[in-house]
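**Student:** This is the structure I want to talk about, given as C-alpha cells.
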Amino acid sequence: MTAALEQSVVKVAVFGAAGRMGQAVCRAVQDASGLELVAQIDVDDDPQRAVEAGAQVAVDFTQPGATMQNIAFCARNGIDVVVGTSGFDDARQAEVRGLLHGGAARVLVAPNFSIGGVLMMRFAALAAPYFESVEIVELHHPDKVDAPSGTATRTAELIAEARAKAGSAPMPDSTKTGLDGARGATVEDVPIHSVRLRGLIAHQEVLLGSVGETLTVRHDSLDRASFMPGVVLACKKIGSLPAGLTVGLDTLLDL
Ligand code: NAP
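Counting in the numbering used here, the sequence shown runs from 7 upward without gaps.
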C-alpha cells in the first residue's frame with residue numbers, strides 16, 4: 007500500500023462495542039474500505055486503549071449516562087466522536103457545546119443513522135405546517151432504556167421549528183380529564199407516544215391530520231444493518247465538519 011493510501015484510512019474506536027449496536031458497528035467498520043477498527047471498548051475497558059491504538063474517530067453507542075464522559079475523554083485526546091446514543095436533548099447539546107468550546111474536536115450526534123429515518127424526519131417537517139395536528143408514535147424493542155427515542159425527540163423539534171416558521175396555530179386538543187400519560191409525552195408541544203414491544207427493532211409513525219384528511223409518514227428499521235451505511239459515512243466524513251457539535255446525519259447528505 008502506498009503512503010498516500012495508508013494516510014486515507016481512518017482509525018476507528020467503538021465505545022459500547024459489546025452492545026447490540028456496537029457489535030454491528032464493529033462489523034461494519036471492519037468491512038468498510040477506508041476505515042480500520044483499532045479498539046473495541048465496553049463498560050469494563052479502559053478508554054485509554056483508544057488513544058494507545060491511535061484512534062482518530064470514536065463511535066459511541068453506549069448509554070445516555072456514559073456518553074458525556076466518553077465525549078469529554080475523546081475531546082481531551084483529540085479524537086472526533088460520532089454519537090448514536092439517545093438522549094441528546096437541548097440541555098445535553100448545550101453541555102457538549104460548552105465542553106468543546108474553543109477546542110478542535112468535532113462531535114457529530116445523529117439521533118438516527120438510517121437514510122430512511124433521516125428522510126422520514128425531513129418529510130414530516132416538510133408536511134407539518136400544512137396540517138392542523140401532528141403526533142408521533144415511536145415503537146421499539148423492550149430492551150431500550152430510554153423513552154421517548156432520540157429520533158422521536160428530534161422529529162418533534164424539527165416539526166415544531168417548521169410550524170413556528172410557518173406561523174402555525176397551536177394544535178387542537180379538547181382533553182380536560184385523562185390518566186397520566188394517556189396523551190403521551192410532549193416535546194415542544196408535539197405529543198410522542200412510546201410503544202415497547204418484543205419483536206420490534208425501531209419504528210416511527212408521524213401522524214398528520216386536518217379536516218377530512220390524514221397523512222402518515224412511517225419508517226421501519228427492520229435490522230440494525232439499516233444504521234450502518236450512515237455510521238460508516240459519518241466516520242469517513244466527520245473530519246470535514248467544523249470543530250464543535252453538529253447534529254443530524256442530514257448535515258452530511260445532499261438533501
Ligand atoms: P446496548 O445493547 O445496551 O449497548 C450499549 C453497550 O454500551 C452495552 O454493552 C453497555 O455495557 C456499554 N456501555 C455502557 N457504558 C459504557 C461506557 N462507559 N463505555 C463503553 N461502553 C459502555 O444498547 P443498544 O441497543 O446497542 O443501543 C445503544 C444506544 O444507541 C441507545 O441509546 C439506543 O437508543 C441508541 N441507538 C441509536 C440509533 C441511531 O441511529 N442513532 C440506532 C439504534 C440505537 P453494559 O450493558 O454492561 O452496561
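Quick reminder that beta carbons are idealized off the backbone N, C-alpha and C, glycines included.
1. For Leu105, which of helix, strand or coil comes out of DSSP?
2. What are the start and end residues of the alpha helix (DSSP H) that includes Phe21?
3. Please state the DSSP three-state secondary structure of Ser232.
4. Closest to Ile198 by C-alpha separation, out of Pro70, Ala19 and Glu163, would be which residue?
5. Which residue or residues does DSSP assign as beta-bridge partners of Gln99?
6. At a cut-off of 7 Å, would you count Pro197 as near ligand 1, judging by its Cβ distance to the nearest heavy atom?
7. Which stretch, first to last residue, makes up the beta strand (DSSP E) that contains Pro197?
8. Give the DSSP bridge partners of Gln210, in chain order.
9. Ligand 1 and Asn83: does the residue's C-beta get closer than 7 Å to at least one heavy atom of that ligand?
10. Flag this pair as touching only if the segment 53–73 and the segment 237–252 have three or more C-beta atom pairs under 8 Å; answer yes or no.
11. Enumerate in chain order the residues of its own chain whose CB-to-CB distance from Leu228 is below 8 Å, with the five nearest sequence positions on each side excluded.
12. So who's on the other strand from Val115, going by DSSP bridges?
13. From what residue to what residue does the alpha helix (DSSP H) around Ile77 run?
14. Compute the Euclidean distance between the alpha carbons of Lys182 and Pro154, then round it to the nearest angstrom.
15. Does ligand 1 have even one heavy atom less than 7 Å from the beta-carbon of Val57?
16. At a cut-off of 7 Å, is Ala208 close to ligand 1 when judged by its beta-carbon and the heavy atoms of the ligand?
17. Exposed or buried, His107, counting other C-beta atoms within 10 Å across all chains shown (16 or more means buried)?
18. With a threshold of 8 Å between beta carbons, is Met177 in contact with chain C?
19. Any contact between the segment 211–219 and the segment 114–122? By contact I mean 3 or more CB pairs, one from each, below 8 Å.
20. Mind checking which residues open and close the beta strand (DSSP E) that includes Glu42?
21. Tell me Glu219's beta-bridge partners as DSSP assigns them.
**Tutor:** Considering the structure as presented:
1. Along the sequence shown, read from residue 1 onward, the residue named residue 105 stands at position 99. Correct three-state label for Leu105: helix.
2. Here the question's residue 21 lines up with position 15 in the sequence shown. According to the DSSP assignment, Phe21 belongs to no alpha helix (DSSP H) but to the beta strand (DSSP E) extending over Val16 to Phe21.
3. What you label residue 232 is simply residue 226 of the sequence shown in a count that begins at 1. DSSP places Ser232 within a helical segment (H, G or I) once states are collapsed to three.
4. For the purposes of this step, residue 198 is identified with residue 192 of the sequence shown, where counting begins at 1. Nearest of Pro70, Ala19 and Glu163 to Ile198, Cα basis: Glu163.
5. Here residue 99 refers to the residue found at position 93 when the sequence shown is read from its first residue. Answer is none; Gln99 lacks a bridge partner.
6. Start at 1 with the first residue of the sequence shown, and residue 197 comes out as number 191. Because no heavy atom of ligand 1 lies under 7 Å away, the Cβ of Pro197 does not count as near it: no.
7. As a first step, residue 197 must be located in the sequence shown, where it is residue number 191. Run containing Pro197: Val196 to Arg202, per the beta strand (DSSP E) assignment.
8. In the sequence shown, counting from the first residue as 1, residue 210 sits at position 204. Residue pairing by DSSP places Gln210 opposite Glu144 and His225 in a beta bridge.
9. As a working note, residue 83 is residue 77 in the sequence shown. Asn83 Cβ: outside cutoff for every heavy atom of ligand 1.
10. In short, these stretches touch, since the Cβ pair count reaches three.
11. As a first step, residue 228 is located in the sequence shown; it is residue number 222 there, counting from the start. Same-chain partners within the cutoff: Ile207.
12. Counted from its first residue, the sequence shown places residue 115 at position 109. As a beta-bridge residue in DSSP terms, Val115 pairs with Val89 and Val253.
13. Within the sequence shown, residue 77 is the residue found at index 71, counting from 1. Start and end: Pro70 to Arg82.
14. As a first step, residue 182 must be located in the sequence shown, where it is residue number 176. As a first step, residue 154 must be located in the sequence shown, where it is residue number 148. Just so you know, the alpha carbons of Lys182 and Pro154 end up roughly 24 Å apart.
15. Within the sequence shown, residue 57 is the residue found at index 51, counting from 1. Remark: the C-beta of Val57 is outside contact range of ligand 1, defined as less than 7 Å to any heavy atom.
16. Residue mapping note: residue 208 aligns to position 202 of the sequence shown, counting from 1. Distances taken from the Cβ of Ala208 to the heavy atoms of ligand 1 include one shorter than 7 Å.
17. To locate residue 107, count along the sequence shown from 1; it is residue 101. Answer is exposed; the Cβ neighbour count stays below 16.
18. As a matter of chain content, chain C is missing from the structure shown, which is built from one protein chain.
19. No, because fewer than three Cβ pairs between the segment 211–219 and the segment 114–122 fall closer than 8 Å, the two stretches do not touch.
20. Position 36 of the sequence shown holds residue 42. Residues Leu41 to Ile47.
21. The residue you call residue 219 lines up with position 213 of the sequence shown. BP columns for Glu219 point to Ser216.
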